[in-house]
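In what follows, a structure is listed as structure tokens, so that the remarks can point back to it.
Protein chains in written order, with the numbering used here: chain Z, 5 to 117; chain X, 299 to 411.
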């Protein structure tokens with residue numbers, strides 16, 4: 005049982021380059037999330053999705069776009085990377101119901117030079 | 299708006315000593331509360347959660363937390379620390395009406411031999 009899988013695990017980009025982070029879950033979860041983790045700031049929500057074909061903005065959406073074309077996949081795109089986007093990115097998913105816990109992937113470490 | 303405050307970015311204890319990690323939340327309605335643990339280079343894992351009912355919640359690895367509505371607190375404790383408990387711990391809150399889980403900034407637990 006793979007759970008939540010993120011690819012790639014590591015990436016280095018130059019300022020202005022673009023990339024897409026892929027998140028896949030095999031638990032048939034409706035809700036999916038993208039967070040970024042920075043030292044001393046905990047996890048901040050970038051975007052989330054409550055179902056296939058739907059997305060919504062979180063706390064820090066600027067500079068990112070997302071798509072949820074299939075229920076099991078949630079893509080995070082950076083159109084023009086900036087050094088401020090150097091971070092560790094986590095994808096998570098959960099069932100409907102507010103008391104359902106999040107299941108996390110192992111993260112993608114992104115460095116923008 | 300919801301918010302979560304974790305007192306102390308770093309907590310250091312001796313092996314065998316009591317672990318106490320503090321979490322206070324602000325929410326306009328009784329929320330759902332979670333503690334997650336993150337080991338190095340991994341995603342977050344659920345430690346325990348409070349939804350409704352008993353205010354003392356037991357989790358994995360001997361951890362427990364008590365929901366105190368009057369103090370808006372959900373502190374995490376373990377009677378006797380083990381070296382393997384060294385990790386970062388995150389408190390999180392979710393209101394029933396929200397899709398979003400809000401995280402505290404995290405507390406890194408160091409366990410001294």
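Backbone N, C-alpha and C fix where the C-beta goes; we use that ideal spot for every residue, glycine too.
Discussion item. My assumption, with CB atoms under 8 Å, is that residue 346 of chain X sits in contact with residue 383 of chain X. Please give the rounded CB distance.
Written reply: Their Cβ separation, rounded to whole angstroms, is 14 Å, which puts residue 346 of chain X and residue 383 of chain X out of contact at 8 Å.
Worksheet item: Any idea what DSSP makes of residue 89 of chain Z, helix, strand or coil?
Response: In the structure shown, residue 89 of chain Z sits in a helix (DSSP, three-state: H, G or I).
Worksheet item: Anyone know if the C-beta pair for residue 376 of chain X and residue 305 of chain X falls short of 9 Å?
Response: No; because the gap between Cβ atoms is not below 9 Å, this pair is not in contact.
Worksheet item: Can you pull the DSSP bridge partners for residue 16 of chain Z?
Response: In the DSSP output, where bridge partners are listed per residue, residue 16 of chain Z has Z:115.
Fill in: Per-residue burial, residue 390 of chain X [other beta carbons within 10 Å of its own, 16 or more giving buried]
By the 10 Å Cβ count, residue 390 of chain X comes out buried.
Fill in: Limits of the unbroken beta strand (DSSP E) element including residue 51 of chain Z
Looking at the DSSP string, the run of the beta strand (DSSP E) that includes residue 51 of chain Z is 47-55.
Worksheet entry | Cβ of residue 54 of chain Z within 9 Å of any chain X Cβ | So yes, residue 54 of chain Z belongs to the interface.
Fill in: Residues near residue 76 of chain Z in its chain [Cβ-Cβ closer than 7 Å; skip 5 each side]
Cβ neighbours of residue 76 of chain Z beyond the five flanking positions: 28, 29 and 30.
Worksheet entry | Among Z:35, Z:68 and Z:46, nearest to residue 80 of chain Z - alpha-carbon criterion | Nearest of Z:35, Z:68 and Z:46 to residue 80 of chain Z, Cα basis: Z:68.
Fill in: Partner residues on chain Z for residue 340 of chain X, Cβ-Cβ distance less than 7 Å
Result: 110.
Item to complete: Use the C-beta contact count for residue 354 of chain X: other C-beta atoms within 10 angstroms, 16 or more gives buried, fewer gives exposed.
Response: Exposed.
Item to complete: Buried or exposed for residue 55 of chain Z, please, with buried defined as at least 16 other CB atoms from any protein chain shown within 10 angstroms of its CB.
Response: Exposed is the call here.
Discussion item. Taking the alpha-carbon of residue 329 of chain X as reference, which of X:374, X:349 and X:338 has the nearest alpha-carbon?
Written reply: Closest in alpha carbon position to residue 329 of chain X, among X:374, X:349 and X:338, is X:349.
Discussion item. Tell me the DSSP secondary structure of residue 74 of chain Z in three-state form.
Written reply: Look at residue 74 of chain Z here: in three-state DSSP terms it is coil, with no helix or strand label.
Practice prompt. Grab the span of the beta strand (DSSP E) containing residue 32 of chain Z for me, first residue to last.
Written response: Per DSSP, residue 32 of chain Z lies in no beta strand (DSSP E) segment and is marked neither H nor E.
Discussion item. Within 8 Å, do at least three Cβ pairs link the region 6-25 of chain Z to the region 49-65 of chain Z?
Written reply: The region 49-65 of chain Z, when compared against the region 6-25 of chain Z, does not touch it at the 8 Å Cβ threshold.
Fill in: Euclidean distance between Cα positions of residue 26 of chain Z and residue 12 of chain Z
The alpha-carbon separation between residue 26 of chain Z and residue 12 of chain Z amounts to approximately 7 Å.
Worksheet item: Which bits of chain X does residue 46 of chain Z rub up against, with CB to CB less than 7 Å?
Response: 388, 401, 402, 403 and 404, listed in chain order.
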